[in-house]
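Student: Residue numbers (the working numbering): 319 to 803. Positions of the beta carbon are idealized from the N, C-alpha and C atoms, including for glycine. Owing to the predicted nature of the structure, the values given are computational and were not obtained by experimental measurement.
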Ligand SMILES: Nc1ncnc2c1ncn2[C@@H]1O[C@H](COP(=O)(O)OP(=O)(O)OP(=O)(O)O)[C@@H](O)[C@H]1O
Ligand SMILES: [Mg+2]
């Protein structure tokens, strides 16, 4: 009999409920017995608990760790960095803290990626520094150069966004339309170094989230008032599948995969804006702790959990170690130099970077592992997401988020409705001929592929009838791509 080993996946996601709970329950539900290297691997999850530890004698029982606690529980950060070489950290502190938004703009521009004109501007307010008794202002400020904000505005052009060089949640982000508005916004910006970035006039906002090599582009509605509504296609419409052309799809997923691989970010999102001429501009891609709540991601949440589950199982069971930060940068710069010297097209350049990124994430090994060891994963995950267990997780999360009791029943119904729709689409994807799919389709008078390819309303209202067969075919091809969710 093969030796049995237990591969433990550690989970840390303080102040959040659904992600860790769903991962735990799904992995338990899978009840894995994976045969690899002459051993039988069982996979278990365990939560990382906050407690004192002996700094000089750290040990880890974990083969992989999902870490989403750097902000909420910094006590763990050094522990995780100490044990990093002995496990696989999904979200590591080295890459996370080393790279802010401004750094990533500059470095990706060096690779030739189409970043909007951006100027970095020193902080406006130094009062804290001036009041520090250890500071001698004459010495401190001798090396500071006066600058002309008007010139910054001229370089970038208007309208533009003034935003912190490092940050999130739209904090301190202001749109400015003129020099006067820029001066006004800058004077209020406080003690954070800022970026002034040209505003892109766009027709589509795409947020692509990646887990390892797997990518999912989602439409994003920045105009929605409430942040949890921003992944809805419209106020009464949950999702629109295949809202991108194949070329756009390839470009946003490649850009995200390249950025994520370059920075060792195995769970990160990239915001890209498609302008009216079809050019794609990434505007924010240092989000190495992207939003992972079903309250905002709704339809996309099961896909995220599935992608994360596959990736965690792969790295834990195959004992993969995370590559060192920056170890393959020379390869990217070699491609960059070749591309500059030969006048390579933008798409070709991205495709060459993408090859490095796929190797970085061991995409071929990952696919082979999933095919061999998780052959029924989609079906099992489908059963799990259709179970009362998941319904109860979703309901609990919704009740945590929407705290007003009178509001809760309608909100629960809203999210269960979208989830129900996901279940139908997922079944149509994995088993278009099933009796269930045929029954749903006949009640709606649609084909199984239309469940996936059309704009859809909540609660399974009939989809629009305009899905041309070419689009359907393209959509199905994309759906079968193993690196997509
Ligand atoms: N160059 C730009 N062109 C057009 N819109 C922009 C640009 N930069 C920022 N915005 C708008 O401002 C919003 C917030 O900017 P940004 O994403 O850079 O900040 P953030 O604090 O990181 O936000 P989040 O945490 O949601 O990612 C964007 O979602 C977008 O709507
Ligand atoms: Mg952003």
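(1) Is any heavy atom in ligand 2 found nearer than 7 Å to the beta carbon of residue 589?
(2) Less than 7 Å between the CB of residue 289 and some heavy atom of ligand 2, yes or no?
(3) Alpha carbon to alpha carbon, what distance is there between residue 514 and residue 438?
(4) So, helix, strand or coil for residue 643, using DSSP?
(5) Under a three-way DSSP split, which group does residue 585 fall into?
(6) Under 8 Å: do the segment 476 to 486 and the segment 419 to 429 share three or more Cβ pairs, one atom per stretch?
(7) Measuring CB atoms only, is the segment 564 to 575 touching the segment 486 to 498, in the sense that at least three cross pairs come out at less than 8 Å?
(8) Measure from the alpha carbon of residue 541 to the alpha carbon of each residue in 577, 553, 533, then state which is nearest.
(9) Whole alpha helix (DSSP H) runs in the segment 454 to 481 with 4 or more residues, listed along the chain?
(10) Taking 8 Å as the cut-off, decide whether the C-beta atoms of residue 635 and residue 383 are in contact.
(11) Comparing alpha-carbon positions, which option in 479, 471, 434 lies nearest residue 497?
(12) Note down, in chain order, each residue of its chain lying with its Cβ closer than 8 Å to the Cβ of residue 698, except the 5 sequence neighbours on either side.
(13) Can you tell which of 322, 605, 509, 732 has its C-alpha closest to the C-alpha of residue 556?
(14) Grab the span of the beta strand (DSSP E) containing residue 361 for me, first residue to last.
(15) Classify residue 722: buried if its beta carbon has 16 or more other beta carbons within 10 angstroms, exposed otherwise.
(16) Please specify which runs of the beta strand (DSSP E), each continuous and at least 3 residues long, are wholly inside the segment 491 to 523, giving them in chain order.
(17) Leaving out five residues before and five after residue 716 in sequence, what residues of the same chain have Cβ atoms less than 6 Å from its Cβ?
(18) Quick one: what does DSSP say residue 376 is sitting in, helix, strand or coil?
(19) So what does DSSP say about residue 637, is it helix, strand or coil?
(20) Would you tell me roughly how many angstroms separate the C-alpha atoms of residue 799 and residue 742, rounded to the nearest one?
(21) Pick helix, strand or coil for residue 621, following the three-state DSSP scheme.
Tutor: With the structure as the only source:
(1) Residue mapping note: residue 589 aligns to position 271 of the chain shown, counting from 1. It does: the Cβ of residue 589 is within 7 Å (strictly closer) of some heavy atom of ligand 2.
(2) Residue 289 is absent from the model: the chain starts at 319 and stops at 803.
(3) Within the chain shown, the letter at position 120 stands for residue 438. Within the chain shown, the letter at position 196 stands for residue 514. CA-to-CA, the gap between residue 438 and residue 514 works out to about 6 Å.
(4) Taking the chain shown and counting its residues from 1, one reaches residue 643 at position 325. Reduced to three states, the DSSP call for residue 643 is coil.
(5) The count along the chain shown starts at 1 and reaches residue 585 at position 267. DSSP, reduced to helix, strand and coil, places residue 585 within a strand of the structure shown.
(6) Flag = yes, the segment 476 to 486 and the segment 419 to 429 touch.
(7) Of all C-beta pairs linking the segment 564 to 575 to the segment 486 to 498, fewer than three are shorter than 8 Å, placing the two stretches out of contact.
(8) In the chain shown, the residue the question calls residue 541 occupies position 223. Comparing Cα-Cα distances from residue 541 to each of 577, 553, 533, the minimum goes to 553.
(9) Considered as a whole, the segment 454 to 481 harbours 455 to 458, 467 to 474 as its complete alpha helix (DSSP H) runs of no fewer than 4 residues, in chain order.
(10) As a first step, residue 635 must be located in the chain shown, where it is residue number 317. As a first step, residue 383 must be located in the chain shown, where it is residue number 65. No, the Cβ-Cβ distance between residue 635 and residue 383 is not below 8 Å.
(11) Position 179 of the chain shown, counted from the start, is the residue given in the question as residue 497. Ranked by how close their Cα comes to the Cα of residue 497, the residues 479, 471, 434 have 471 in first place.
(12) Taking the first residue of the chain shown as 1, we reach residue 698 at position 380. Excluding the 5 residues flanking it on each side, residue 698 has same chain C-beta neighbours closer than 8 Å at 347, 348, in chain order.
(13) Locating residue 556 in the chain shown gives position 238, counting from the first residue. If you compare the alpha carbons of 322, 605, 509, 732 with that of residue 556, the shortest gap goes to 732.
(14) The residue given as residue 361 occupies position 43 in the chain shown. Residues 357 to 365.
(15) Locating residue 722 in the chain shown gives position 404, counting from the first residue. It counts as exposed.
(16) Listed in chain order, the complete beta strand (DSSP E) runs (minimum 3 residues) inside the segment 491 to 523 are 492 to 494, 512 to 516.
(17) One-based indexing of the chain shown puts residue 716 at position 398. Here the set comprises 729, 730, 733.
(18) Taking the chain shown and counting its residues from 1, one reaches residue 376 at position 58. If DSSP states are grouped into helix, strand and coil, residue 376 belongs with coil.
(19) Taking the first residue of the chain shown as position 1, residue 637 is located at position 319. It is coil, neither helix nor strand.
(20) Within the chain shown, numbered from 1, the residue matching residue 799 stands at position 481. Within the chain shown, numbered from 1, the residue matching residue 742 stands at position 424. In this prediction, residue 799 scores a pLDDT of 48, lower than 50, which makes its location untrustworthy; no coordinate-derived value is stated.
(21) Here residue 621 is taken as the residue at index 303 of the chain shown, counted from 1. Residue 621: helix per DSSP, three-state reduction.
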